[in-house]
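Heads up, the thing below is written out as structure tokens.
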Amino acid sequence: PRTLTVGGGLFFPLPVLFLLVLYSAMEGEVLIGNSEAGEEPIRVTAEGQMWQWRFHYPDPDSGVTSLNVLHIPVGRVVEVTTLSRDVIHSFWVPRLGGKLDATPGHSPSINIQADQTGTYGGVCAEYCGTGHSGMSFVVEAH
Ligand code: CUA
281 PRTLTVGGGL FFPLPVLFLL VLYSAMEGEV LIGNSEAGEE PIRVTAEGQM WQWRFHYPDP
341 DSGVTSLNVL HIPVGRVVEV TTLSRDVIHS FWVPRLGGKL DATPGHSPSI NIQADQTGTY
401 GGVCAEYCGT GHSGMSFVVE AH
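The sequence shown runs 281 to 422 under my numbering.
As structure tokens, this is what we get:
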């Protein structure tokens with residue numbers, strides 16, 4: 281298992297993590313083993329926790345994470361599953377349309393897709409305590 285953990289994601293060399301995400305996607309395609317696999321969504325997990333977002337590629341078992349920065353490939357469907365271990369948060373990226381509660385005991389999913397490279401702002405859309413208003417993140421579409 282890969283054990284890279286990224287803190288202070290804004291300063292992490294973005295191409296490296298992006299390659300890891302691509303690698304995960306390619307690995308998935310090999311496992312699926314069919315020619316349509318390129319259209320399978322890329323999976324990530326958005327874990328809300330007072331008061332930050334930890335993104336797992338593709339899930340907490342992978343050990344590949346980034347903090348408050350979600351890296352996605354441009355032009356691909358990305359299936360975001362939310363997760364919380366404390367209170368209810370809500371993952372919301374207004375320009376990508378994705379808005380989904382992160383609720384303890386539930387793991388719902390939503391699809392997002394960025395058609396242009398860039399940085400898309402995201403926020404927590406559910407009041408979750410004193411740090412709620414600072415619980416923002418960005419989506420980096422490469
Ligand atoms: Cu988390 Cu508001």
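Ideal placement from N, C-alpha and C gives every residue a C-beta, glycine not left out.
Since we're looking at a predicted model, the values are computed, not measured.
Spatially closest choice to residue i from the options, by CA coordinates
i, options, result
"residue 346", "374, 335 and 364", "335"
"residue 407", "370, 321 and 325", "370"
"residue 359", "323, 418 and 417", "323"
"residue 362", "351, 320, 391 and 327", "327"
"residue 391", "366, 399, 402 and 377", "377"
"residue 348", "321, 402, 394 and 340", "402"
"residue 321", "398, 356 and 340", "356"
"residue 399", "341, 342, 344 and 375", "375"
Residue i versus residue j - alpha carbon distance
i, j, result
"residue 372", "residue 396", "18 Å"
"residue 368", "residue 381", "7 Å"
"residue 416", "residue 331", "9 Å"
"residue 418", "residue 364", "18 Å"
"residue 394", "residue 379", "14 Å"
"residue 384", "residue 329", "10 Å"
"residue 301", "residue 342", "Caution applies to residue 301, whose pLDDT of 49 falls short of 50 and renders its modelled position unreliable; the model cannot decide the point."
Residue i - DSSP class collapsed to helix/strand/coil
i, result
"residue 389", "strand"
"residue 414", "helix"
"residue 341", "helix"
"residue 307", "Because the pLDDT at residue 307 is just 45, under 50, the model does not fix this residue reliably, and the value given afterwards should be weighed accordingly. Residue 307 falls in the helix class under three-state DSSP."
"residue 375", "helix"
"residue 404", "strand"
"residue 396", "coil"
"residue 368", "coil"
"residue 351", "strand"
"residue 320", "coil"
Counted within 10 angstroms of its Cβ, other Cβ atoms place residue i as buried (16 or more) or exposed
i, result
"residue 338", "buried"
"residue 413", "exposed"
"residue 354", "exposed"
"residue 351", "buried"
"residue 387", "exposed"
"residue 325", "buried"
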